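This report refers to the structure that appears directly beneath it.
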Amino acid sequence: MVKTSVNDLALFGGEAALDEALHVGRPNIGDREQFLERINEMFDQRRLSNNGPFVRELEEKLAAFLGVKHCIAMCNATIALEITARALGLQGEVIVPSFTFVASAHALQWQEITPIFCDVDPVTHNIDPSRIESLLTPRTSGILGVHVWGRACDVDALGEIARKYHLKLMFDAAHAFACTYHGQMIGGFGDAEVFSFHATKFFNSFEGGAVTTNNDELARRLRGMRNFGFAGLDMVVDIGTNGKMSEVSAAMGLTSLESLDDFIKVNYENYLAYSRGLEDIPGVQLIKYTEKEENNYQYVVIEIDEGAAGLSRDMLVKILHAENILARRYFYPGCHQMEPYRSYFPNARLLLPETEKLTLKVLQLPTGTAVRGAEIDQICELIRFVFAHGSDIRASIARGTNA
Ligand SMILES: Cc1ncc(COP(=O)(O)O)c(C=O)c1O
Numbered sequence: 363m364v365k366t367s368v369n370d371l372a373l374f375g376g377e378a379a380l381d382e383a384l385h386v387g388r389p390n391i392g393d394r395e396q397f398l399e400r401i402n403e404m405f406d407q408r409r410l411s412n413n414g415p416f417v418r419e420l421e422e423k424l425a426a427f428l429g430v431k432h433c434i435a436m437c438n439a440t441i442a443l444e445i446t447a448r449a450l451g452l453q454g455e456v457i458v459p460s461f462t463f464v465a466s467a468h469a470l471q472w473q474e475i476t477p478i479f480c481d482v483d484p485v486t487h488n489i490d491p492s493r494i495e496s497l498l499t500p501r502t503s504g505i506l507g508v509h510v511w512g513r514a515c516d517v518d519a520l521g522e523i524a525r526k527y528h529l530k531l532m533f534d535a536a537h538a539f540a541c542t543y544h545g546q547m548i549g550g551f552g553d554a555e556v557f558s559f560h561a562t563k564f565f566n567s568f569e570g571g572a573v574t575t576n577n578d579e580l581a582r583r584l585r586g587m588r589n590f591g592f593a594g595l596d597m598v599v600d601i602g603t604n605g606k607m608s609e610v611s612a613a614m615g616l617t618s619l620e621s622l623d624d625f626i627k628v629n630y631e632n633y634l635a636y637s638r639g640l641e642d643i644p645g646v647q648l649i650k651y652t653e654k655e656e657n658n659y660q661y662v663v664i665e666i667d668e669g670a671a672g673l674s675r676d677m678l679v680k681i682l683h684a685e686n687i688l689a690r691r692y693f694y695p696g697c698h699q700m701e702p703y704r705s706y707f708p709n710a711r712l713l714l715p716e717t718e719k720l721t722l723k724v725l726q727l728p729t730g731t732a733v734r735g736a737e738i739d740q741i742c743e744l745i746r747f748v749f750a751h752g753s754d755i756r757a758s759i760a761r762g763t764n765a
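Structure follows, in structure tokens:
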């Protein structure tokens with residue numbers, strides 16, 4: 363239904379724009395027949411886990427695709443981050459952005475490594491290297507950069523700081539599968555990089571993840587730690603955990619890999635449709651991806667400047683949710699505002715002004731193969747309508763018509 367007055371908004375009693383809820387991160391699903399064939403093969407071979415043939419095939423294909431020596435598949439990125447931090451010998455304090463999914467910080471804190479939150483660059487949304495040196499202490503052992511939205515961190519600047527202060531450098535590349543930095547696939551930078559293949563990621567293995575590295579010794583440790591520290595049938599040489607990827611996940615990963623180009627193409631087309639649909643709305647900016655780098659375009663992210671737009675990001679979220687468009691406020695409110703970090707560092711926000719601003723401005727819109735072009739047009743029209751009627755909406759809310 364076309365909205366002609368603010369009373370048509372579902373928040374004020376109108377009909378919702380979509381009949382069914384449209385989520386951010388609905389899974390992309392590749393060729394079902396291929397997947398089911400692999401599952402049959404898996405049952406025939408009776409190999410369900412423990413470094414089975416699909417896991418090994420996936421690791422080989424991913425390493426070749428990413429141009430990196432070693433790929434170690436894991437059950438998810440959170441465990442992969444934990445295992446990598448441990449295998450690198452991280453301890454004490456590690457510098458990490460707060461503008462990230464909470465798993466980046468939890469993976470450290472889970473091992474009693476203190477995450478020291480560093481502010482981000484307001485344009486790239488990535489950790490700001492110029493703010494790192496002032497956060498270093500004798501306890502600092504590493505830097506965990508996050509390639510937010512698949513746009514690479516300033517890898518060179520981070521590498522320089524890591525070298526200068528003898529710190530380990532690892533990357534949370536959960537967003538960054540099939541993205542490049544200076545034309546080279548993310549995966550081989552720093553000491554190690556960690557990918558997520560969670561169902562909400564454009565490339566998924568149901569649950570899953572991988573660590574990539576060019577360091578032979580680190581790869582050997584990661585493989586051991588992923589499997590309880592075993593180095594032979596009855597020989598445990600290190601502390602370890604269970605970080606193994608199952609065969610069913612690897613089968614899904616292999617199937618997703620075969621559709622990778624199609625997924626990226628759809629994401630790119632969706633991104634272009636959003637760019638056109640949201641053009642010239644005052645106070646609304648779609649984040650940009652440079653054509654100089656490869657990106658997976660899995661994140662359609664807008665920044666809302668309340669002053670220029672006339673309405674806050676949070677008001678837009680309320681309106682969209684009522685219309686069944688379940689946009690998400692990643693990464694609100696920032697790790698530093700979540701427990702246990704909020705209690706540990708009650709004043710952290712004073713050192714994170716850009717993070718604080720971003721967490722109030724940023725909104726993710728639905729994309730992926732489950733979202734149709736007509737729905738994107740509808741979402742854009744609705745956003746345009748909302749900001750064109752900001753003062754009426756504010757007045758309706760003030761009158762309590764949404765009570
Ligand atoms: C930046 C970031 N790091 C880590 C993770 C955790 O990934 P997983 O769900 O595979 O554990 C995510 C997942 O959403 C993420 O977005």
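For the working numbering, count along the sequence shown from 1 and bump the result up by 362.
Ideal Cβ placement from N, Cα and C applies to all residues, glycine included.
All values derive from a computational prediction rather than experimental measurement.
Practice item. Give me whichever residues DSSP pairs with His432 in a beta bridge. Key: Thr575
Practice item. Please report the residue range of the alpha helix (DSSP H) in which Lys680 lies. Key: 675-684
Point to revise | Closer than 8 angstroms: Thr440 CB and nearest ligand 1 heavy atom | key: yes
Review point. Looking only at its own chain, which residues have a Cβ that is under 6 angstroms from the Cβ of Glu422, when we skip the five neighbours before and after it?
Key: none
Practice item. With DSSP as the reference, please indicate the residues paired to Tyr817 in a beta bridge. Key: With the chain represented from 363 up to 765, any question about residue 817 goes unanswered, as that position is not in the structure.
Practice item. Have a look at Glu399 and Met614 and give me their C-alpha separation to the nearest angstrom. Key: 11 angstroms
Review point. Does DSSP classify Cys515 as helix, strand or coil?
Key: coil
Check your understanding: Is the stretch 451-459 in contact with the stretch 477-485, if contact means three or more CB pairs nearer than 8 angstroms?
Key -> yes
Practice item. Compare the beta carbon distance of Phe533 and Leu506 with 9 angstroms and say whether it is the shorter of the two. Key: yes
Check your understanding: Under a three-way DSSP split, which group does Arg690 fall into?
Key -> strand
Check your understanding: Who are the Cβ neighbours of Gly451 in its own chain at under 8 angstroms, not counting the five residues just before and after it?
Key -> Ser503, Lys530
Review point. Using the rule of at least 16 other Cβ atoms within 10 Å of the residue's Cβ for burial, across every protein chain shown, is Lys528 buried or exposed?
Key: It should be pointed out that residue 528 corresponds to His in this sequence rather than to Lys. His528 comes out exposed.
Review point. Tell me which same chain residues have a C-beta within less than 6 angstroms of the C-beta of Arg612, skipping the five on either side of it?
Key: In the sequence as presented, Arg is not what sits at residue 612; that position holds Ala. If we look at Ala612 and ignore the five residues flanking it on each side, its Cβ neighbours are Phe416, Val417, Leu420.
Review point. What three-state label does DSSP hand Thr502 in the structure shown?
Key: strand
Review point. Are any of the Cβ atoms in chain C nearer than 9 angstroms to that of Arg583?
Key: The structure shown contains no chain C; it holds only a single protein chain.
**Study point:** For Phe446, the first and last residue of its enclosing alpha helix (DSSP H)
**Key:** Residue 446 is actually Thr in this sequence, not Phe. Residues 439-449.
Exercise for review: For His468, name the three-state secondary structure that DSSP assigns.
Suggested key: helix
Review point. So what does Phe479 bridge to, in DSSP terms?
Key: Val458
Point to revise | Whether His698 touches Arg690 by CB criterion (9 angstroms) | key: no
Check your understanding: How many angstroms separate the CA atom of Met363 from the CA atom of Gly669?
Key -> 29 angstroms
Point to revise | Buried or exposed (CB count within 10 angstroms, at least 16 for buried), Gly549 | key: buried
**Study point:** Proximity below 9 angstroms, CB of Phe625 to CB of Asn390
**Key:** yes
Exercise for review: Return helix, strand or coil for Gly730, following the three-state DSSP convention.
Suggested key: coil
Practice item. With DSSP collapsed to three states, give me the class of Met363. Key: coil
Review point. Looking at C-beta atoms only, is the number of pairs between the stretch 376-389 and the stretch 569-588 that lie closer than 8 angstroms three or more?
Key: no
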